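Chemist: Following this message is one structure expressed as structure tokens.
Written as structure tokens, this is what we have:
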């Protein structure tokens, strides 16, 4: 009887986890049930309102709504007035104009089909799955409405109401500023926006309007692309015995403080005119929101500034809003990912960099003030990169001295002044340990293939995220810690002895170790640049064929050129390591007809350890 109960329990949890595949939130709910861990939800029972503790639900939801709706305008009021206008910083007005081509029934069906399967419901209370189920019947009508709206330059008001759900962050649960607003729009709004987005994005890419150092929300660009470019430039600076100082800007509620009038001026400058501009004006204007908590709903509040949160068009409109920041200085190097704005300046001495940077930051601050973006100077900091000497600098914005940091979280990776990754790897190892521990508690309840799935859901993302940046291909004591956690998992899932040789386990489970993940990502990156799948111009400079370097024919003319490097810092970059790795690949693998075929071949190649590409540790 006990065996029957265990088998039934095992099958029950196996079915539950199969149902929530690729849904991390649902996966955690099932796992918490399996390990008898109750999830504690922070209930919003009392709030501080005007100095008083209030427990009335209606007062609480309206207090939240008032705060969220006014956070942008309140920040804008505190910004110093400057004489320059936002348009004074802009140049090269676009001579082309955007056109919104009509949509079709087939495009609407395609957009609906690709919608994510979510449980969130907008103010119309129409679930996503209902619209997907009826897509064929809805497509023709929706297409006609969208075409009429684009022709008339009107975005329907019924699609501009956002449902806001407050999510607790940290500290005192009674303070409204300790909550993050999660905005939920209707599915119909997302369908309309997706169709407009595709046309806007095509126009911007065709006319090269967005600066190439804007990495967020753009096809072919990512956080990893941005980090690779930054690390390569910092390593080159060290290699040439130069000094780079990075300033990490902190913007307060950047998406919420976008001024609508300024945004429309910038859209017109970039060629969004006539009925198209009217439609965007209609889209951002007359928007409303309400807050809902445990079934209690606030009154509607008007939104007078900011781009719509939780929307499809909001992020790309924000990119256009800050796009000209890249043009205000010829000295500064910008690396931007949405509202994550960072500035870098390189010179021959710390005195030179300090002087020039303080001059440039005056212009930067004036630009933020003119554009009514709230710069949080107290949380803005700087790092002096890659130099062993204990150098000091006094960097100021608006007469406030910036704090110096030696490490900072940059696009999800801990970036250190010495360009080493020990602190980031510490975090990776800790998160892996926690989740492997949870998997070890539930492995007895699940078949091996589902336990393996849990690895790819809960552990593998920490190994793979920007691995190309932080996991150097040479043997590293720090990387061995990651490797040991992977070995532990492989032995746990297969119920092997802790002394079991792990190489066969990795191969059997088809799991790449941290070294092989790095090589897989590096080779994929080279393939992508060689085949123009990565659109960033800087990425094309990492790898050059020998035939481009040498005028005469060589036996390795089809190989990539390995550059000369003076320091180990530069030698650890992909620009140096990548060509060596690529040149060791068989020619038929390099010439794969698609990136998916290439990835599959490389993974098999690495797993089977058919070349020196295998990791240096004793797997």
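Residue numbers (the working numbering): 953 to 1571.
No residue lacks a Cβ here, since even glycine has one placed at the ideal position from N, Cα and C.
Please read these numbers as outputs of a predicted model, since none were measured by experiment.
#1: Considering only residues of the same chain and omitting the five flanking positions on each side of residue 1200, which have a CB-CB separation below 6 Å?
#2: For residue 1514 and chain D, any beta-carbon pair shorter than 9 Å?
#3: Can you list, in chain order, the residues of its chain with a C-beta nearer than 6 Å to that of residue 1245? Leave out the 5 residues immediately preceding and following it.
#4: Suppose you measure from the CA of residue 1174 to the CA of residue 1476; what does that come to, to the nearest Å?
#5: List, from N- to C-terminal side, the alpha helix (DSSP H) runs of 4 residues or more that fit wholly inside the stretch 1205 to 1229.
#6: Once the 5 residues before and after residue 1298 are set aside, which same chain residues still bring their CB inside 6 Å of it?
#7: Within a Cβ cutoff of 7 Å, which residues of the same chain sit near residue 1417, ignoring the five residues on either side of it in sequence?
#8: Whole-angstrom Cβ separation of residue 1446 and residue 1457, contact assumed at under 8 Å?
#9: What did DSSP end up calling residue 1573 once you bin it into helix, strand or coil?
#10: Going by the beta-carbon positions, is the gap between residue 1134 and residue 1258 smaller than 9 Å?
#11: In the stretch 1395 to 1454, which residue ranges form an unbroken alpha helix (DSSP H) of at least 4 residues, counting only runs that do not cross its ends?
#12: For residue 1338, which three-state DSSP category applies?
#13: Please state the DSSP three-state secondary structure of residue 1096.
#14: From residue 1119 to residue 1559, what distance separates their C-alpha atoms?
#15: What's the gap between the Cα of residue 1563 and the Cα of residue 1233?
#16: For residue 1251, does the count of other Cβ atoms within 10 angstroms reach 16, so buried, or fall short, so exposed?
#17: So, with DSSP's three-state summary, where would you put residue 1560?
#18: Can you tell me whether DSSP reads residue 995 as helix, strand or coil?
#19: Rounded to the nearest angstrom, how far is the Cβ of residue 1139 from that of residue 1078, given a contact under 8 Å?
#20: Could you check what DSSP says for residue 1551 in three-state terms: helix, strand or coil?
#21: Rounded to a whole number of angstroms, what is the C-alpha to C-alpha distance between residue 1179 and residue 1421?
#22: Measure how close the beta-carbons of residue 1111 and residue 1141 come, nearest whole angstrom, since I'm counting them as under 8 Å.
#23: By DSSP, does residue 1244 sit in helix, in strand, or in coil?
#24: Just checking my contact of residue 1070 with residue 1264 at CB under 8 Å: how many whole Å lie between their CB atoms?
#25: Evaluate contact between the stretch 1093 to 1110 and the stretch 1217 to 1231, counting only Cβ atoms and requiring at least three cross-stretch pairs below 8 Å.
#26: Please state if the CB of residue 1018 and the CB of residue 1075 are separated by a distance shorter than 9 Å.
#27: Distance check for residue 1352 and residue 1570, CA to CA, integer angstroms please.
#28: Apart from the five residues just before and just after residue 1151, which ones in its own chain have a Cβ nearer than 6 Å to its Cβ?
#29: How long is the line joining the alpha carbons of residue 1366 and residue 1380, rounded to whole angstroms?
#30: Could you have a look at residue 1569 and say whether DSSP puts it in helix, strand or coil?
#31: Looking at the strands, I want to know which residues DSSP matches up with residue 1197.
#32: Does the beta-carbon of residue 1226 have 16 or more other beta-carbons within 10 angstroms, so that it is buried, or is it exposed?
#33: By the 10 Å Cβ neighbour count, where 16 or more other Cβ atoms means buried, how is residue 1612 classified, buried or exposed?
#34: Quick check on this structure: which residue in 1377, 982, 1061 and 1027 has the alpha carbon closest to the alpha carbon of residue 1326?
#35: Among 1424, 1419 and 1415, which one has its Cα closest to the Cα of residue 1436?
Modeler: Result, derived from the coordinates:
#1: Result list for residue 1200: 1294, 1333 and 1360, in chain order.
#2: The structure shown contains no chain D; it holds only a single protein chain.
#3: 996 and 1013
#4: Distance from the CA of residue 1174 to the CA of residue 1476, rounded to the nearest whole angstrom, comes to 14 Å.
#5: 1212 to 1221
#6: Scanning its chain for C-beta atoms nearer than 6 Å, with the 5 sequence neighbours on each side dropped, one finds around residue 1298 the residues 1189, 1194 and 1196, in chain order.
#7: So the qualifying residues of the chain are 1364.
#8: 6 Å
#9: Here the chain covers residues 953 to 1571 and nothing more, so residue 1573 does not appear.
#10: no
#11: 1400 to 1410, 1412 to 1416, 1419 to 1422 and 1429 to 1445
#12: coil
#13: Residue 1096: helix per DSSP, three-state reduction.
#14: 43 Å
#15: Confidence at residue 1563 is low in this model, with a pLDDT of 38, below 50, so the placement of that residue should be treated as unreliable; the coordinate-derived value is given next. Spanning the two alpha carbons is a distance of roughly 59 Å.
#16: exposed
#17: coil
#18: coil
#19: 6 Å
#20: helix
#21: Near 7 Å, if we compare the C-alpha coordinates of residue 1421 and residue 1179.
#22: 4 Å
#23: strand
#24: Between residue 1264 and residue 1070 the Cβ distance is about 14 Å, and since that is not below 8 Å, they are no contact.
#25: Counting Cβ pairs under 8 Å, three or more are found: they touch.
#26: At least 9 Å separates the beta-carbon of residue 1075 from that of residue 1018.
#27: The predicted position of residue 1570 is uncertain, since its pLDDT is 34 and thus under 50; a value taken from the coordinates is nonetheless stated next. Taking the straight line joining both Cα atoms gives about 53 Å.
#28: 1052
#29: 10 Å
#30: For residue 1569, the pLDDT reaches just 39, beneath the cut-off of 50, and the residue's location in the model is therefore unreliable, although a value from the coordinates is still provided. Of the three classes helix, strand and coil, the one that applies to residue 1569 here is coil, per DSSP.
#31: Per DSSP, 1297 and 1336.
#32: exposed
#33: With the chain covering 953 to 1571 only, the question about residue 1612 has no answer from this structure.
#34: Among 1377, 982, 1061 and 1027, the Cα nearest to that of residue 1326 is on 1027.
#35: 1415
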